[in-house]
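Read through the structure below, which is laid out as structure tokens, and then see the notes.
Here's what the structure looks like:
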């Protein structure tokens with residue numbers, strides 16, 4: 398797995414979509430729920446490993462970091478801290494590096510709102526899909 402930001406070793410979304418197409422029941426990796434559970438566990442472990450490195454190296458100069466933030470032009474905005482793309486996972490390290498929010502705590506709260514919004518969108522999408530399937 399590439400530790401450089403920008404590396405994209407796995408298309409997590411494609412793997413998720415493929416798992417959703419599997420039959421709901423069956424044996425082994427042909428079972429939708431088993432595949433989704435394994436994929437979720439793999440994603441969580443990968444994200445935790447890279448996030449741990451990013452946090453441990455947060456005080457190092459960029460050139461000494463194992464996982465480097467995306468270059469300025471690819472940061473996708475000024476707010477929200479440093480952004481990374483590693484192993485196909487987009488990671489935002491929520492810091493107030495541009496002094497927009499007034500504190501690290503406020504930057505974290507903004508990130509929490511973004512995550513809650515993404516969860517609501519995912520839930521609505523799942524409910525719509527279940528409704529369409531009925």
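Residue numbers (our numbering): 398 to 531.
Cβ atoms here follow ideal geometry from the backbone N, Cα and C, with glycine treated the same way.
None of these values were measured; they are calculated from a predicted model.
> Where in the stretch 428-494 do unbroken runs of the alpha helix (DSSP H), each at least 4 residues long, occur, reported from the N-terminal end onward?
Replying inline: Counting only runs that start and end inside the stretch 428-494, the alpha helix (DSSP H) elements of at least 4 residues fall at 429-453.
> Near residue 441, which residues of its chain fall below 6 Å by C-beta distance, leaving aside the five closest residues on each side in sequence?
Replying inline: Within the chain shown, numbered from 1, the residue matching residue 441 stands at position 44. Excluding sequence neighbours, residue 441 sits near nothing in its chain.
>> If we define contact as Cβ-Cβ less than 9 Å, is residue 516 a contact residue for chain C?
In response: Protein chains in the displayed structure number just one, and chain C is not present.
> If you compare alpha carbons, which of 507, 508, 493 is closest to residue 501?
Replying inline: In the chain shown, the residue the question calls residue 501 occupies position 104. Ranking 507, 508, 493 by Cα distance to residue 501 puts 493 first.
> Counting along the chain, where does the alpha helix (DSSP H) carrying residue 418 start and finish?
Replying inline: Counted from its first residue, the chain shown places residue 418 at position 21. Neither: residue 418 is in no alpha helix (DSSP H) and is coded neither H nor E.
>> Please return the same chain residues whose Cβ sits closer than 6 Å to the Cβ of residue 490, not counting the five positions on each side in sequence.
In response: Within the chain shown, the letter at position 93 stands for residue 490. Closer than 6 Å at the Cβ level, and outside the excluded window around residue 490, lie 451, 478, 479.
>> So, for residue 398: in the same chain, excluding its five sequence neighbours on each side, which residues have a beta-carbon less than 6 Å away from its beta-carbon?
In response: Within the chain shown, residue 398 is the residue found at index 1, counting from 1. Caution applies to residue 398, whose pLDDT of 42 falls short of 50 and renders its modelled position unreliable; the value that the coordinates give is listed next. If you ignore the 5 residues before and after residue 398, its C-beta comes within less than 6 Å of the C-beta of 406, 484, all in its own chain and listed in chain order.
> Who are the near neighbours of residue 444 in its chain, counting only those whose CB is closer than 6 Å to its CB and skipping five residues on each side?
Replying inline: Locating residue 444 in the chain shown gives position 47, counting from the first residue. So the qualifying residues of the chain are 486.
>> Using only CA atoms, which one of 433, 413, 412, 414 lies nearest to residue 422?
In response: Numbered from 1 along the chain shown, position 25 holds the residue referred to as residue 422. Checked all of 433, 413, 412, 414; the closest Cα to residue 422 is 433.
> So residue 507 and residue 448 are in contact, right, with Cβ under 8 Å, and what is the actual spacing, rounded?
Replying inline: Taking the first residue of the chain shown as position 1, residue 507 is located at position 110. Taking the first residue of the chain shown as position 1, residue 448 is located at position 51. Contact between residue 507 and residue 448 does not hold, since their C-beta atoms are separated by about 18 Å, which reaches or exceeds 8 Å.
>> Short of 6 Å in beta carbon distance, which residues of its chain neighbour residue 462, apart from the five on each side in sequence? Order them along the chain.
In response: Working through the chain shown from its first residue, we reach residue 462 at position 65. These residues qualify, in order along the chain: 454.
> Any idea what DSSP makes of residue 407, helix, strand or coil?
Replying inline: As a position in the chain shown, residue 407 is number 10, starting the count at 1. Shown here, residue 407 sits in coil according to DSSP, grouped into three states, outside any helix or strand.
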